[in-house]
Each structure stands twice: as C-alpha cells, then as structure tokens.
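First to last, the protein sequences are chains R and W.
Heads up: the first sequence begins at 1 in this note's numbering, then just goes up one per residue.
Heads up: the second sequence begins at 292 in this note's numbering, then just goes up one per residue.
Beta carbons: idealized from backbone N, C-alpha and C, even for Gly.
Given the structure is predicted, the values throughout are model-derived calculations rather than measurements.
Reading through the structure tokens given below for one structure.
Protein chains: 2
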Amino acid sequence: MKVAIYQFAPTFGNIGKNLRRIEQELENIQVDLIVLPELCTTGYLFASREEIGSMAEPVPGGESIRRLEALCQWKGFHLVAGIIESADNVCYNSAVLIGPDGWIGTYRKIHLFWKEKTWFAPGNRPFQVWDIGMARIGIMICFDWIFPESARALALQGADILCHPANLVLPYGPDAMVTRSLENRIFSITANRIGYEERGGKKLTFIGKSQVIGTKGEILLRMEEEEKIKTVEIDPALARNKKIIEANDLFQDRRPELYLNQSQIPSPSPEAARNKINVNPIFHPGEADGD
Amino acid sequence: MKVAIYQFAPTFGNIGKNLRRIEQELENIQVDLIVLPELCTTGYLFASREEIGSMAEPVPGGESIRRLEALCQWKGFHLVAGIIESADNVCYNSAVLIGPDGWIGTYRKIHLFWKEKTWFAPGNRPFQVWDIGMARIGIMICFDWIFPESARALALQGADILCHPANLVLPYGPDAMVTRSLENRIFSITANRIGYEERGGKKLTFIGKSQVIGTKGEILLRMEEEEKIKTVEIDPALARNKKIIEANDLFQDRRPELYLNQSQIPSPSPEAARNKINVNPIFHPGEADGD
Chain R
1 MKVAIYQFAP TFGNIGKNLR RIEQELENIQ VDLIVLPELC TTGYLFASRE
51 EIGSMAEPVP GGESIRRLEA LCQWKGFHLV AGIIESADNV CYNSAVLIGP
101 DGWIGTYRKI HLFWKEKTWF APGNRPFQVW DIGMARIGIM ICFDWIFPES
151 ARALALQGAD ILCHPANLVL PYGPDAMVTR SLENRIFSIT ANRIGYEERG
201 GKKLTFIGKS QVIGTKGEIL LRMEEEEKIK TVEIDPALAR NKKIIEANDL
251 FQDRRPELYL NQSQIPSPSP EAARNKINVN PIFHPGEADG D
Chain W
292 MKVAIYQFAP TFGNIGKNLR RIEQELENIQ VDLIVLPELC TTGYLFASRE
342 EIGSMAEPVP GGESIRRLEA LCQWKGFHLV AGIIESADNV CYNSAVLIGP
392 DGWIGTYRKI HLFWKEKTWF APGNRPFQVW DIGMARIGIM ICFDWIFPES
442 ARALALQGAD ILCHPANLVL PYGPDAMVTR SLENRIFSIT ANRIGYEERG
492 GKKLTFIGKS QVIGTKGEIL LRMEEEEKIK TVEIDPALAR NKKIIEANDL
542 FQDRRPELYL NQSQIPSPSP EAARNKINVN PIFHPGEADG D
C-alpha cells in the first residue's frame with residue numbers, strides 16, 4: 001500500500017486557492033492514501049469566531065468536500081484532510097476521510113490546543129476507526145498526540161494506520177509519535193504544515209517534519225521544512241500483529257483491571273493541582289499495603 | 292531534591308556479594324533518593340523457578356530488605372531497588388521503596404517480559420503511589436514502559452517521580468520514557484543495569500543508558516554503559532503543574548468519556564488478531580456516522 005503526505009503552507013483565508021493547489025499537486029501522483037495537514041484549506045491563525053464561521057462548511061455537502069470527493073473519485077485514492085466543519089451552529093476543527101466513492105467519515109478534534117478552545121467546539125464523538133478495505137484508518141489531529149489515550153483508543157479499535165493531520169508548533173510531536181507507533185504496533189502518518197502565520201499581533205511558526213512511522217517505531221520517512229509530496233510503501237497487515245517478541249503481545253498483555261480504572265479517575269481540581277487536597281488515593285507510609 | 296542512579300552489573304546468583312557492593316558504593320553519597328536496577332541483588336537470567344525460589348525473600352522481613360533498611364536508616368535516604376519477593380507460595384519480580392524509617396511499600400511487576408512469564412507470578416496489585424514527604428513516588432519496572440497505562444496510572448494518582456528499575460535489553464525504552472515524562476509532566480528515573488548474562492545456552496546483553504527525565508521531556512542525565520552512581524538535582528513540585536502552555540493542562544484536558552472506556556475494551560482474541568472477526572466496533576463506510 002502506497003501512502004503519501006502533502007506538506008505545504010496553505011494561504012490563510014483563501015479556500016479556493018488552497019483547493020486549487022491541492023488539486024494541482026495531487027493530479028499526477030499514484031498512491032492509495034494521502035494525508036494533508038490540519039486546517040489545510042484555511043490556514044490556522046484566526047482572528048475571531050466570526051472569521052472561522054465564514055470559512056466553515058457542512059460535511060459532507062460543502063464545496064471543499066465536493067471538490068475533494070471529485071479528486072478522490074478521479075484519482076482513485078483515499079484522502080485525509082483537515083477542514084473547518086460547521087454543524088449544530090458551531091464550528092469543529094475536523095478531519096475528513098474521503099475515498100473514490102465519496103465522503104466516508106469525519107473526526108472532530110477532541111483535544112483542542114491554545115486559542116482553539118475559544119475558536120472551536122471540542123469534538124463530541126469518540127475516536128473512531130474506518131475500514132477502507134486495504135487498511136483500517138484511525139484519525140487524530142495535531143495536539144491529540146500528547147494524550148496517549150488518543151492513539152490507544154484508535155489502536156484498540158483495530159486501526160492499522162493513524163492518520164494525523166497537524167499544524168505542529170511545539171517541537172515534541174514527531175518523536176512522541178514514534179512512541180505512539182511503537183506502543184501500539186501501528187503505522188502513523190503525521191502530515192504537518194510548514195511556514196508561519198502572523199495576524200493580530202501573534203505569530204506562529206509550524207515545524208514541518210511530517211513523517212511516516214512503522215509498527216516498530218521505525219522512521220520510514222521524515223521530511224525537512226520543505227513543500228513537497230513524499231510517498232512510502234507500507235504493509236498495513238503488520239499492524240495486526242501486536243507481538244513485540246513471541247512471548248509478548250502488547251494488547252493481550254494489557255491488564256486494565258490493575259490500571260485503577262484510569263479512564264474514570266477525575267481530573268484533579270485546581271486546588272488539588274496546587275497540592276492542597278488529594279482527590280485520588282495516595283498511599284502514605286503509615287498506611288502502606290501489607291503483605 | 293537530589294536523586295541518584297546506581298547503574299551496575301550484579302553478579303548472578305550472589306545476593307551477599309551484590310548487597311555488599313551496594314552498601315560499599317552507596318556509603319559515601321549524599322542524596323535524597325537513589326534508584327537501583329531491577330533484580331539488582333540476584334541478576335536476571337534464571338534457569339528455573341526453583342532457582343528463583345532459592346533467591347526469593349519475604350518483603351519486609353527478608354535479609355536483603357533488612358540490610359537495605361539499615362543502609363537507608365544510616366544514610367538517611369530513600370531507596371528503590373528490584374528484588375525477588377516470595378509471598379503466597381509464588382515469586383514476584385518486585386521493587387521495594389525503603390526510607391530512613393524502614394520499608395515503605397512494594398510494587399510487583401504487572402507486565403512480565405519474555406521468560407519472566409514462566410519464572411514469576413504477575414503483579415496482583417494496582418499501580419500505587421507513596422508520599423515520602425519531599426515527593427510522591429510511583430514505581431514501575433522495566434517492560435512496564437511500553438504500556439502507556441503504567442505511567443499514566445501513576446501520574447493520575449499524583450506521582451511526581453516515576454522510579455523505574457530496569458534490566459532493559461530492547462533499544463526503545465530510554466527514548467520512550469522521554470515521552471512518558473512529557474505526556475504526564477512527571478519526572479522519571481530509569482535505573483538500568485549493564486553487562487551481560489549467559490546461562491543455559493541463552494545470552495542477554497543489557498543496554499545501560501540509565502537516565503533522569505524532566506517534566507518537559509528534558510534528558511537531565513543519561514549514562515553510557517558505565518558502572519557508576521550519578522546524581523542530579525530536581526524540583527518535584529514542577530510535576531504538580533500539568534500545564535504545557537497556559538491554556539492546556541494535560542490532566543484537565545483529558546476527555547475519558549470519548550476514549551471509548553478503553554480500559555474495558557477486551558483484548559482481541561487470537562482470531563480477531565488474525566482479522567477473522569472484529570471484537571471491537573469498527574465503522575465501515577456504509578454505516579459511517581451521519582452529521
């Protein structure tokens with residue numbers, strides 16, 4: 001299976017121009033799956049919710065989705081790309097999965113970063129996996145990388161490939177995604193953008209370093225700060241074998257009964273964070289477990 | 292707070308010699324907390340359960356624990372070290388936390404690696420955190436690193452420092468522990484051993500690279516393949532602030548309700564692993580989510 005990344009610097013606020021560019025750049029490639037950056041039709045550094053609203057589109061049905069559907073139908077590939085989705089009178093930082101037969105699914109970013117918390121509504125649906133025949137696709141967006149639960153939830157649902165559109169500005173994401181692939185024995189494709197945006201007195205520089213990581217944490221591809229499409233051949237079936245050595249299957253060896261039902265541990269209150277109270281059980285020496 | 296690692300190559304099967312060496316090497320250091328490798332009193336490459344049984348000791352109460360207690364009392368420090376624990380007619384690959392006032396707690400390795408599955412009983416108690424006053428200590432052992440739930444469970448319970456005795460043979464652990472510290476904003480101290488063992492036709496080489504990682508994923512200390520005690524100063528209070536930027540607190544931003552209650556997702560059966568059935572919900576294009 002041939003997978004690709006298109007790493008580029010979208011032009012802020014010009015959906016038509018960005019779509020034309022995507023159409024032109026993807027016109028001559030022959031791949032099975034291509035991943036584009038987060039918010040790749042609009043750019044990132046918004047000035048207001050109103051501005052975001054003016055660039056948001058329904059999914060499916062909006063102009064961007066229709067054009068990307070046409071592209072996928074023509075080229076016969078699958079595509080994952082970040083867009084602004086309008087639904088229920090709010091906007092989501094979403095990524096769509098589109099194939100030769102049209103729109104397949106949408107992931108709404110669950111962990112919003114920085115100003116996104118004021119710009120977007122947080123994702124309201126669980127992490128989800130789509131089976132496109134040649135592989136099972138899980139989608140996460142940018143900052144989701146820092147929460148191990150994101151990749152874990154997708155891998156436990158059977159994802160072979162994490163498609164990871166991003167607008168990374170912090171330096172940590174690419175190396176951490178190596179750990180995500182390794183701990184889940186799963187492929188990951190991080191499609192980051194490059195360039196910078198400067199608006200309203202703020203400036204963000206995006207780090208590039210788009211990459212494809214193998215199931216053993218191998219860096220199969222890592223880009224520089226270049227505007228380019230790069231491809232690599234992968235075998236998604238490798239992601240169905242969770243054995244790191246014959247005796248250790250990373251999924252069968254999990255022991256959720258001893259993780260203290262971590263998904264239900266409440267977030268610490270601000271007071272707890274300042275160490276005034278402990279909301280979670282902490283064992284002190286005097287009451288330590290007996291034998 | 293001054294923390295230390297003693298990285299060395301224990302002599303296989305000679306508890307007395309290994310303890311004397313630990314006592315001698317630690318005699319002249321002034322630290323608050325020192326972490327020793329996994330199974331540091333016995334070595335690793337056992338020939339049988341009987342052999343393990345002959346080197347196992349009750350905790351507390353056994354000779355090794357008594358001598359380490361005496362050392363901690365004399366030196367006034369806290370110590371984490373891997374030993375073989377005997378209890379309930381089985382043996383555990385355990386790590387003990389001991390302070391100036393004696394034994395504090397024991398962690399029994401939850402995720403057993405390779406032959407350990409035949410040698411030891413798997414840990415039967417959840418990950419746990421102990422408050423030693425100057426910091427809250429969580430313990431995990433070696434292969435636990437590959438399961439993100441290990442560090443997460445400890446961090447969510449309030450651990451400031453992951454003490455991580457290890458006998459690492461695979462190359463991935465040290466870099467992955469950088470991600471563990473980063474995603475949990477927590478210190479981690481990996482005390483690995485060096486050298487090799489060759490017994491019963493098998494040979495294992497241990498990779499060294501013991502390290503202390505900061506809450507931002509900084510490598511504060513990483514050792515070569517050297518036999519040495521190394522120390523570094525840390526401020527455990529940094530681990531109480533989970534904000535990676537002002538807008539993003541890594542614990543408050545978790546959204547367990549959207550992680551599909553991952554701790555309860557069953558391990559895939561061998562059939563599922565071979566892709567004959569799907570035990571987890573996979574969404575296919577035809578039944579993809581609507582809008």
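Exposed unless 16 or more other CB atoms sit within 10 angstroms - verdict on residue 483 of chain W: Residue numbering aside, residue 483 of chain W sits at position 192 when the second sequence is read from its first letter. By the beta-carbon neighbour count (other beta carbons within 10 angstroms, threshold 16), residue 483 of chain W is buried.
Terminal residues of the alpha helix (DSSP H) in which residue 409 of chain W lies: Taking the first residue of the second sequence as 1, we reach residue 409 of chain W at position 118. Note, residue 409 of chain W: alpha helix (DSSP H), 407–410.
Between the CA atoms of residue 24 of chain R and residue 97 of chain R - distance to the nearest angstrom: By one-based count along the first sequence, residue 97 of chain R stands at place 97. By one-based count along the first sequence, residue 24 of chain R stands at place 24. C-alpha of residue 97 of chain R to C-alpha of residue 24 of chain R: approximately 19 Å in a straight line.
C-alpha gap between residue 391 of chain W and residue 253 of chain R, whole angstroms: Indexing the second sequence from 1 puts residue 391 of chain W at position 100. Indexing the first sequence from 1 puts residue 253 of chain R at position 253. So the alpha carbons of these two residues sit roughly 36 Å apart.
Per DSSP, cross-strand counterpart(s) of residue 496 of chain W: Along the second sequence, read from residue 1 onward, the residue named residue 496 of chain W stands at position 205. Looking at the DSSP assignment, residue 496 of chain W forms a beta bridge with W:487.
Rounded straight-line distance, which links the Cα of residue 134 of chain R to that of residue 561 of chain W: In the second sequence, counting from the first residue as 1, residue 561 of chain W sits at position 270. In the first sequence, counting from the first residue as 1, residue 134 of chain R sits at position 134. Because the pLDDT of residue 561 of chain W is 43, which lies under 50, any placement of that residue in the model is unreliable, and the number read from its coordinates should be weighed accordingly. Counting only the Cα atoms, residue 134 of chain R lies some 21 Å from residue 561 of chain W.
Residues bridged to residue 232 of chain R (per DSSP): Translated into positions along the first sequence, residue 232 of chain R becomes position 232. Paired residues: R:3.
Residues bridged to residue 427 of chain W (per DSSP): As a first step, residue 427 of chain W must be located in the second sequence, where it is residue number 136. DSSP lists W:422 as partners of residue 427 of chain W.
Pairwise C-alpha distance: residue 236 of chain R and residue 1 of chain R: Locating residue 1 of chain R in the first sequence gives position 1, counting from the first residue. Locating residue 236 of chain R in the first sequence gives position 236, counting from the first residue. If I take the Cα positions, the gap works out to 7 Å.
Bounding residues of the beta strand (DSSP E) (the contiguous stretch that carries residue 86 of chain R): As a position in the first sequence, residue 86 of chain R is number 86, starting the count at 1. Segment 78–87, the beta strand (DSSP E) holding residue 86 of chain R.
C-beta neighbour in chain R for residue 305 of chain W, strict 9 Å: On the second sequence, residue 305 of chain W is found 14 positions in, with the first residue counted as 1. Interface criterion not met: the Cβ of residue 305 of chain W is under 9 Å from no Cβ in chain R.
Chain W within 9 Å of residue 254 of chain R, Cβ atoms only: Position 254 of the first sequence, counted from the first residue, corresponds to residue 254 of chain R. Closer than 9 Å: yes.
For residue 355 of chain W, the first and last residue of its enclosing beta strand (DSSP E): By one-based count along the second sequence, residue 355 of chain W stands at place 64. Bounds of any beta strand (DSSP E) do not take in residue 355 of chain W; it lies within the alpha helix (DSSP H) bounded by 354–366.
Backbone secondary structure at residue 237 of chain R - three-state DSSP: The sequence position of residue 237 of chain R within the first sequence is 237, counting from 1. The answer is helix: DSSP assigns residue 237 of chain R an H, G or I state.
Residue 535 of chain W CB to nearest heavy atom of the ligand PLP below 8 Å: With respect to small molecules bound, the structure shown includes none, and the ligand PLP cannot be examined in it.
Among R:124, R:82, R:89, R:229, nearest to residue 549 of chain W - alpha-carbon criterion: To locate residue 549 of chain W, count along the second sequence from 1; it is residue 258. The shortest Cα separation from residue 549 of chain W among R:124, R:82, R:89, R:229 belongs to R:124.
Residue 295 of chain R to residue 103 of chain R span [Cα, whole Å]: In the structure displayed, chain R extends from 1 to 291; residue 295 of chain R sits before or after that span and is not available.
Local Cβ density within 10 Å of residue 92 of chain R, reported as buried at 16 or more and exposed below that: For the purposes of this step, residue 92 of chain R is taken as residue 92 along the first sequence, with counting starting at 1. With 16 or more neighbouring CB atoms inside 10 Å of its own CB, residue 92 of chain R falls in the buried class.
9 Å Cβ cutoff, residue 292 of chain W in contact with chain R: Counted from its first residue, the second sequence places residue 292 of chain W at position 1. Taking 9 Å as the threshold, the shortest C-beta distance from residue 292 of chain W to chain R does not fall below it.
Beta carbon of residue 460 of chain W nearer than 9 Å to that of residue 481 of chain W: As a first step, residue 460 of chain W is located in the second sequence; it is residue number 169 there, counting from the start. As a first step, residue 481 of chain W is located in the second sequence; it is residue number 190 there, counting from the start. A distance of 9 Å or more separates the beta carbons of residue 460 of chain W and residue 481 of chain W.
Residue 127 of chain R at chain W interface by Cβ criterion, 9 Å: Taking the first sequence and counting its residues from 1, the one referred to as residue 127 of chain R is at position 127. Yes, because at least one Cβ of chain W sits closer than 9 Å to the Cβ of residue 127 of chain R.
Contact belief for residue 296 of chain W with residue 501 of chain W at Cβ below 8 Å, rounded distance in angstroms: Taking the first residue of the second sequence as position 1, residue 296 of chain W is located at position 5. Taking the first residue of the second sequence as position 1, residue 501 of chain W is located at position 210. That pair is a contact at about 5 Å.
Rounded straight-line distance, which links the Cα of residue 444 of chain W to that of residue 247 of chain W: Because chain W here runs from 292 to 582, residue 247 of chain W falls outside it and cannot be looked at.
Beta strand (DSSP E) runs wholly inside the region 141–178 of chain R, at least 3 long, in chain order: With a minimum length of 3 residues, the continuous beta strand (DSSP E) runs that stay inside the region 141–178 of chain R are 161–165.
Under 7 Å from the C-beta of residue 172 of chain R: neighbouring residues of chain W: Taking the first residue of the first sequence as position 1, residue 172 of chain R is located at position 172. In chain order: 473, 508.
Cutoff 9 Å: residue 410 of chain W Cβ touching any chain R Cβ: Mapped onto the second sequence, residue 410 of chain W falls at position 119. Taking Cβ atoms only, chain R never reaches closer than 9 Å to residue 410 of chain W, which makes this a no.
Best match in R:94, R:67, R:183, R:207 for proximity to residue 249 of chain R [C-alpha to C-alpha]: On the first sequence, position 249 is the one that residue 249 of chain R refers to. For the residues R:94, R:67, R:183, R:207, the minimum Cα distance to residue 249 of chain R belongs to R:183.
Residue 312 of chain W at chain R interface by Cβ criterion, 9 Å: For the purposes of this step, residue 312 of chain W is taken as the residue at position 21 of the second sequence. No, its Cβ sits nowhere closer than 9 Å to a Cβ of chain R.
Stretch pair the region 302–310 of chain W + the region 330–337 of chain W: three plus CB contacts closer than 8 Å: A contact exists between the region 302–310 of chain W and the region 330–337 of chain W.
Assigned secondary structure, residue 304 of chain W (DSSP; H/G/I helix, E/B strand, else coil): In the second sequence, residue 304 of chain W corresponds to position 13, counting from 1. Correct three-state label for residue 304 of chain W: coil.
Residue from W:326, W:366, W:456 whose Cα sits closest to the Cα of residue 319 of chain W: By 1-based counting over the second sequence, the position of residue 319 of chain W is 28. For residue 319 of chain W, the nearest C-alpha among the options comes from W:366.
Beta-carbon proximity check, residue 33 of chain R vs residue 142 of chain R, cutoff 9 Å: Numbered from its first residue, the first sequence carries residue 33 of chain R at position 33. Numbered from its first residue, the first sequence carries residue 142 of chain R at position 142. The answer is no: Cβ separation not under 9 Å.
Helix, strand or coil at residue 123 of chain R according to DSSP, with G and I counted as helix: By 1-based counting over the first sequence, the position of residue 123 of chain R is 123. It is coil, neither helix nor strand.
C-beta neighbour in chain W for residue 285 of chain R, strict 9 Å: Numbered from 1 along the first sequence, position 285 holds the residue referred to as residue 285 of chain R. Any reading at residue 285 of chain R must be qualified, since the residue scores a pLDDT of 32, below 50, and its modelled position is unreliable; no value is offered.
Residue environment, residue 493 of chain W, which counts as buried when at least 16 other CB atoms sit within 10 Å: For the purposes of this step, residue 493 of chain W is identified with residue 202 of the second sequence, where counting begins at 1. Residue 493 of chain W is exposed by the Cβ-count criterion.
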